[in-house]
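> Take 1 as the starting number for the sequence shown in the UniProt record's numbering and just add one per residue.
Questions regarding the structure given below will be posed in turn.
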Amino acid sequence: MSLRGAYVAAGSPNSSPSPSPTPTFPGGSSSAPVPAGNTSPSRVTDRKHREQLATYKGGKPRSTNPARRWSPLQTAWNATRRLSGVLEETEEEAKARRLSGHPPTPFLALVGSGSTSILPRRSKVRTYFLYLATVFLVYYVLLRPILSDASGIPSTSTASVGPNARKKVLAPMRNRRHRPATHASRAPLPPGVILRTNINHPVDRGLLKVDMNSKVHPIYQLIRDARETWDDKLRKQSRTLQDAVKEYRRRYGRQPPKGFDRWWKFVVDNNIQLPDEYDQINRDLLPFRALSPQELNRRIESASLLPDTYTLRIKRGSLRTSVTNGIDGIHGAKERLEGQAAMIAPIAKELEDFTAVYSVHDTASVTISYNHRRDLLEHVDEEEYFDENEELDLTPRGWPAFCPANSAINSARGIPEPFNLASHTRHSYTFISDHYRSMDVCDHPEYIPMHGVLAGKEPHAGALTPLFVLSKTTLHADLLGVPVEQYVDGMRHVPWEDKNEDRLLWRGSNTGIHHDKATPWRETHRLRMIKLANEQDGEVEVLSPPRALEGKTIGTARTKLPVGEANKFYTDIAFTGHPIQCDHADGTCQELADEYRFTGKMTHNAALHYKYVVDVDGNAWSARFQRLLSSGSLIFKSTMMPEWWTDQIQPWVHYVPFQVDYSDLYDTVAFFRGNTSSLGGEPALAREIAEAGREWSLTHWRRVDMTAYVFRLYLEWARLVAPKRGEADFVFEEWMERERE
1 MSLRGAYVAA GSPNSSPSPS PTPTFPGGSS SAPVPAGNTS PSRVTDRKHR
51 EQLATYKGGK PRSTNPARRW SPLQTAWNAT RRLSGVLEET EEEAKARRLS
101 GHPPTPFLAL VGSGSTSILP RRSKVRTYFL YLATVFLVYY VLLRPILSDA
151 SGIPSTSTAS VGPNARKKVL APMRNRRHRP ATHASRAPLP PGVILRTNIN
201 HPVDRGLLKV DMNSKVHPIY QLIRDARETW DDKLRKQSRT LQDAVKEYRR
251 RYGRQPPKGF DRWWKFVVDN NIQLPDEYDQ INRDLLPFRA LSPQELNRRI
301 ESASLLPDTY TLRIKRGSLR TSVTNGIDGI HGAKERLEGQ AAMIAPIAKE
351 LEDFTAVYSV HDTASVTISY NHRRDLLEHV DEEEYFDENE ELDLTPRGWP
401 AFCPANSAIN SARGIPEPFN LASHTRHSYT FISDHYRSMD VCDHPEYIPM
451 HGVLAGKEPH AGALTPLFVL SKTTLHADLL GVPVEQYVDG MRHVPWEDKN
501 EDRLLWRGSN TGIHHDKATP WRETHRLRMI KLANEQDGEV EVLSPPRALE
551 GKTIGTARTK LPVGEANKFY TDIAFTGHPI QCDHADGTCQ ELADEYRFTG
601 KMTHNAALHY KYVVDVDGNA WSARFQRLLS SGSLIFKSTM MPEWWTDQIQ
651 PWVHYVPFQV DYSDLYDTVA FFRGNTSSLG GEPALAREIA EAGREWSLTH
701 WRRVDMTAYV FRLYLEWARL VAPKRGEADF VFEEWMERER E
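This is how it looks when you write it as structure tokens:
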């Protein structure tokens with residue numbers, strides 16, 4: 001179709017143009033001037049277009065000035081004239097143009113020259129610049145990593161361009177608007193790790209098993225996967241109350257508890273970052289759903305009479321507390337009660353009625369057999385109540401009784417010997433991939449003799465007792481609360497670049513177990529750590545730092561070091577003061593003093609100058625973790641205790657996990673710090689994780705974050721104890737809606 005045909009087709013339905021005013025062009029004529037003496041087809045086309053413009057049907061002129069009316073028409077005419085030069089040129093003109101080497105007319109229509117160009121000269125320059133920049137970015141982001149050595153180490157001058165970084169750029173505004181205010185910059189990972197051109201190290205039961213034939217350090221993989229998991233978790237958090245209700249139903253298969261809208265208001269008002277991550281509450285409360293409200297309240301009343309307990313009661317928005325006889329004689333018991341009461345006092349009026357009984361002790365005490373737990377959960381699935389008159393089998397005893405028959409603890413042929421730094425050559429290496437899964441004693445029975453909470457104990461199976469505690473293992477059936485001991489607001493920190501000590505620091509007392517002739521205290525967690533870090537004899541085998549592999553496989557690049565040299569370079573770990581929790585009469589206290597390193601106490605200010613700091617369990621959980629994270633040091637954490645924040649933090653993004661047997665400790669420190677010449681390590685990744693951990697503690701571990709957890713915990717508990725449990729569900733209504741900023 002010719003251009004004239006196109007103009008006609010755009011007219012009335014019968015394609016007949018209606019009369020229209022004839023525009024007057026500059027110079028007073030009704031058509032634009034055409035130079036005489038030129039009758040070429042292109043000039044004929046020009047004249048035809050001017051005639052079309054003169055007869056074009058238009059509305060009322062926007063201006064009475066002929067020159068101003070002419071300007072937009074002339075611009076449109078210039079553009080169409082160049083295009084029609086191609087559509088209507090003769091065969092001879094097309095041949096002449098090809099022989100002359102001029103660019104095609106459509107290209108000139110876009111980047112033409114002189115006053116007839118649609119794009120000015122400055123725009124042309126900008127277009128070429130953008131084109132070159134695009135080519136460079138495509139090469140640098142996509143092609144260069146693929147063409148480079150997949151097992152190589154990232155240049156210290158490059159930036160991380162992993163898939164998550166690209167997702168951030170492409171994320172919708174709705175997601176980007178809700179990110180935390182600050183982010184620690186991310187150090188680069190090897191391109192082969194980011195693009196997954198390397199074969200991954202396998203993961204099983206929460207542990208990564210190192211492929212010794214790989215040329216890429218496994219910690220790169222752990223950091224990559226952790227970043228992706230954390231970014232995905234942040235991106236998926238509910239933004240509205242309705243979103244939160246839907247997510248709750250998706251996760252747990254039921255409606256939220258009554259008062260959920262009041263909890264959500266608290267979330268919005270206090271900028272709670274992860275409003276969906278409360279799976280620990282569901283894990284703890286799920287077996288209790290098998291008990292009828294009447295039976296559960298009866299058990300609560302019985303628990304309140306147990307020794308060494310205190311009780312919190314909410315009745316019509318008013319908080320009351322009570323204690324059992326003798327609690328005043330327990331060190332710290334009064335402060336523990338006051339801390340729990342102070343945490344819920346601001347929200348007491350928003351809570352439904354409930355009674356919660358707490359143990360004053362550090363450790364958990366409720367254990368039920370695996371068969372009984374399975375029976376309770378089957379009743380929950382079938383929406384039936386457990387018959388309280390049914391006789392329980394209380395004969396099972398020992399940790400295996402609390403695990404499935406096909407679990408590792410029930411199929412293990414004896415418990416392996418604890419890791420010894422210099423005892424033998426290692427044939428396999430593992431690192432923690434999933435910290436919560438790695439705490440499962442059913443999967444990892446080797447940890448039983450290595451931790452004071454488990455070692456030397458043979459607990460009996462009992463009934464499901466509604467008792468709240470501040471720490472527990474995955475084998476205990478107690479209800480997990482939120483400890484407030486040693487919480488610090490506004491913790492002072494030293495910037496990473498001002499920290500001048502590269503050794504791994506730990507100071508503390510010899511807690512974790514009572515030390516006497518009847519207990520296996522030498523192999524428990526704190527004693528073993530001091531022993532390992534101060535050993536002087538033998539050799540230790542350490543994986544090569546990542547930048548020192550130089551194309552070798554992990555298996556061939558291992559390094560053997562004298563134990564004394566390794567400990568002097570990598571660690572500064574010791575007990576402080578003098579032996580405690582030990583029997584003087586049988587000589588155990590003296591043995592501790594003779595065999596283990598005890599030093600004077602270190603001030604907090606001195607500790608702030610260490611880049612790498614260890615955190616391990618004591619008698620139960622470690623109360624210092626929040627303070628350590630806030631210090632800006634890179635925290636290495638070993639624990640058997642899931643806590644209220646476990647679902648809300650990301651190992652390898654905010655801290656470095658290591659195993660209870662400490663078999664991965666030296667390999668992990670060497671990854672970040674390098675070899676004994678301080679070469680080959682990843683200090684940039686160490687700094688990134690340290691700063692991300694501090695940011696997390698300031699935005700996810702505030703007092704309001706702890707209150708948000710117990711707020712939701714007590715709403716769930718109030719539903720379970722409500723006389724009419726079926727009427728204690730939350731019902732969403734539009735007027736309740738509030739959106740997180």
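Glycine included, every Cβ here is placed at the ideal spot set by N, Cα and C.
#1: To the nearest angstrom, how far is the alpha carbon of Ile573 from that of Leu505?
#2: Out of Asn325, Glu682, Leu285, which has the shortest C-alpha to C-alpha gap to Ala548?
#3: Give the straight-line distance between the Cα atoms of Gly508 and Ala623, rounded to the nearest whole angstrom.
#4: Please return the same chain residues whose Cβ sits closer than 7 Å to the Cβ of Tyr487, not counting the five positions on each side in sequence.
#5: Any contact between the segment 207 to 217 and the segment 627 to 639? By contact I mean 3 or more CB pairs, one from each, below 8 Å.
#6: Just list the residues that DSSP pairs Glu501 with in beta bridges.
#7: When we look at the beta-carbon of Thr311 and count the other beta-carbons within 10 Å, is it buried (16 or more) or exposed?
#8: Can the beta-carbon of Trp521 be found closer than 8 Å to that of Ile513?
#9: Taking all protein chains shown into account, do 16 or more other C-beta atoms lie within 10 angstroms of the C-beta of residue 753, making it buried, or fewer, making it exposed?
#10: Are there 16 or more other CB atoms within 10 angstroms of the CB of Ala518, so buried, or fewer, so exposed?
#11: Measure the alpha-carbon distance for Leu480 versus Thr134 and round it to whole angstroms.
#12: Does DSSP classify Ala728 as helix, strand or coil?
#13: Check each candidate in Asn325, Leu319, Glu350, Lys349 and name the one with the smallest Cα separation from Glu338.
#14: Just to confirm my understanding: we take Asn38, look at its own chain, exclude 5 residues before and 5 after, and list those with CB closer than 8 Å. What are they?
#15: Grouping DSSP H, G and I as helix and E and B as strand, with all else coil, what is Arg740?
#16: With DSSP as the reference, label Ala341 as helix, strand or coil.
#17: Just reading off the beta strand (DSSP E) that Leu351 is part of, what are its end residues?
#18: Between the C-alpha atoms of His201 and Leu189, what's the straight-line distance to the nearest angstrom?
#19: Can you round the beta-carbon distance between Val653 and Ala226 to whole angstroms, since I take them to be within the 8 Å contact cut?
#20: Please give the ranges of any beta strand (DSSP E) in the segment 519 to 573, keeping only runs that are unbroken, at least 3 residues long and fully inside the region.
#21: Examine the Cβ distances between the segment 346 to 355 and the segment 379 to 392 and report whether three or more of them are shorter than 8 Å.
#22: Does the segment 555 to 567 come close enough to the segment 580 to 591 to have 3 or more Cβ pairs within less than 8 Å?
#23: Where does Val731 land, buried or exposed, given buried means 16+ other C-beta within 10 angstroms?
#24: Using only CA atoms, which one of Ser697, Trp263, Gly618 lies nearest to Lys349?
#25: Between which two residues does the alpha helix (DSSP H) carrying Ser318 extend?
#26: Just the Cα atoms here: how many angstroms apart are Val563 and Phe598?
#27: Run through DSSP, which three-state label would His584 get?
#28: Could you work out which residue in His476, His460, Val484 is closest to Val441 when comparing CA atoms only?
#29: Which of the three DSSP states is assigned to Tyr370 in this structure?
#30: Hey, Met450 and Thr367: beta-carbon distance below 8 Å or not?
#31: Which residue wins for smallest C-alpha separation from Ala593, given the options Phe711, Thr603, Phe575, Ala607?
#32: Shortest alpha-carbon distance to Gly456 belongs to which of Arg397, Ser433, Ala722?
#33: Between the Cα of Arg254 and those of Gln273, Asp261, Asn282, spot the shortest distance and give me the residue it belongs to.
#34: Looking at C-alpha atoms only, which residue of Thr646, Leu285, Ala405 is the closest neighbour of Trp717?
#35: So Leu274 and Gln648 are supposed to be a Cβ contact under 8 Å. How far apart are they, rounded?
#36: Please list, in chain order, all residues of the same chain as Thr127 whose beta carbon is under 6 Å from its beta carbon, the five residues on each side excluded.
Straight from the coordinates:
#1: Position 573 of the sequence shown holds residue 573. Position 505 of the sequence shown holds residue 505. Each residue's CA atom was taken as its position, placing Ile573 and Leu505 some 6 Å apart.
#2: Here residue 548 is taken as the residue at index 548 of the sequence shown, counted from 1. Nearest C-alpha to Ala548 among Asn325, Glu682, Leu285: Glu682.
#3: Residue numbering aside, residue 508 sits at position 508 when the sequence shown is read from its first letter. Residue numbering aside, residue 623 sits at position 623 when the sequence shown is read from its first letter. Taken atom to atom, the span from the alpha-carbon of Gly508 to that of Ala623 is near 12 Å.
#4: Taking the sequence shown and counting its residues from 1, one reaches residue 487 at position 487. For Tyr487, the CB contacts under 7 Å within the same chain, skipping 5 residues up- and downstream, are Gln626 in chain order.
#5: No, the segment 207 to 217 does not touch the segment 627 to 639.
#6: Indexing the sequence shown from 1 puts residue 501 at position 501. Under DSSP, Glu501 shares a beta bridge with Tyr610.
#7: To locate residue 311, count along the sequence shown from 1; it is residue 311. Classification for Thr311: buried.
#8: Locating residue 521 in the sequence shown gives position 521, counting from the first residue. Locating residue 513 in the sequence shown gives position 513, counting from the first residue. In contact: Trp521 and Ile513 (Cβ atoms closer than 8 Å).
#9: Because the chain here runs from 1 to 741, residue 753 falls outside it and cannot be looked at.
#10: For this step, residue 518 is matched to residue 518 along the sequence shown. Ala518 should be labelled exposed.
#11: In the sequence shown, the residue the question calls residue 480 occupies position 480. In the sequence shown, the residue the question calls residue 134 occupies position 134. About 54 Å.
#12: Numbered from its first residue, the sequence shown carries residue 728 at position 728. Reduced to three states, the DSSP call for Ala728 is coil.
#13: For the purposes of this step, residue 338 is taken as the residue at position 338 of the sequence shown. It is Leu319 whose Cα lies nearest to the Cα of Glu338.
#14: For the purposes of this step, residue 38 is taken as the residue at position 38 of the sequence shown. For Asn38, the pLDDT reaches just 49, beneath the cut-off of 50, and the residue's location in the model is therefore unreliable, leaving the point undetermined.
#15: Against the sequence shown, residue 740 aligns to sequence position 740. Coil at Arg740, not helix or strand.
#16: Counting from 1 along the sequence shown, the entry for residue 341 is found at position 341. The answer is helix: DSSP assigns Ala341 an H, G or I state.
#17: What you label residue 351 is simply residue 351 of the sequence shown in a count that begins at 1. Unbroken run through Leu351: none, as it is neither H nor E.
#18: If you number the sequence shown from 1, residue 201 lands on position 201. If you number the sequence shown from 1, residue 189 lands on position 189. So the two alpha carbons sit approximately 16 Å from each other.
#19: Counted from its first residue, the sequence shown places residue 653 at position 653. Counted from its first residue, the sequence shown places residue 226 at position 226. Contact between Val653 and Ala226 holds, with the beta-carbon distance rounding to 5 Å and staying under 8 Å.
#20: Restricting attention to beta strand (DSSP E) runs no shorter than 3 residues, the segment 519 to 573 encloses them at 539 to 542, 559 to 562, ordered along the chain.
#21: In short, these stretches do not touch, since the Cβ pair count stays below three.
#22: No, the segment 555 to 567 is not in contact with the segment 580 to 591.
#23: Walking along the sequence shown from the start, residue 731 turns up at place 731. By the neighbour-count criterion, in which a residue is buried when 16 or more other Cβ atoms sit within 10 angstroms of its Cβ, Val731 is exposed.
#24: Position 349 of the sequence shown, counted from the first residue, corresponds to residue 349. Among Ser697, Trp263, Gly618, the Cα nearest to that of Lys349 is on Trp263.
#25: Here residue 318 is taken as the residue at index 318 of the sequence shown, counted from 1. Not the alpha helix (DSSP H): Ser318 falls in the beta strand (DSSP E), residues 318 to 323.
#26: Along the sequence shown, read from residue 1 onward, the residue named residue 563 stands at position 563. Along the sequence shown, read from residue 1 onward, the residue named residue 598 stands at position 598. Using only the alpha carbons, I get a separation of about 20 Å.
#27: The residue given as residue 584 occupies position 584 in the sequence shown. Assignment of His584 by DSSP, reduced to helix, strand and coil, places it in the coil class.
#28: As a working mapping, residue 441 is identified with position 441 in the sequence shown. When His476, His460, Val484 are compared, the shortest CA-CA separation from Val441 is found for His476.
#29: Within the sequence shown, the letter at position 370 stands for residue 370. Three-state result, Tyr370: helix.
#30: On the sequence shown, residue 450 is found 450 positions in, with the first residue counted as 1. On the sequence shown, residue 367 is found 367 positions in, with the first residue counted as 1. If you check the CB distance, Met450 and Thr367 do not come in under 8 Å.
#31: Along the sequence shown, read from residue 1 onward, the residue named residue 593 stands at position 593. With distances taken between Cα atoms, Ala593 lies closest to Phe575.
#32: Numbered from its first residue, the sequence shown carries residue 456 at position 456. The residue with the shortest Cα to Cα distance from Gly456 is Arg397.
#33: On the sequence shown, position 254 is the one that residue 254 refers to. For Arg254, the nearest C-alpha among the options comes from Asn282.
#34: Start at 1 with the first residue of the sequence shown, and residue 717 comes out as number 717. Of the candidates Thr646, Leu285, Ala405, the residue whose Cα lies closest to the Cα of Trp717 is Leu285.
#35: Sequence index remark: in the sequence shown, residue 274 carries index 274 (1-based). Sequence index remark: in the sequence shown, residue 648 carries index 648 (1-based). About 5 Å; that satisfies the 8 Å criterion.
#36: Residue 127 sits at position 127 when you count from the first residue of the sequence shown. If we look at Thr127 and ignore the five residues flanking it on each side, it has no Cβ neighbours.
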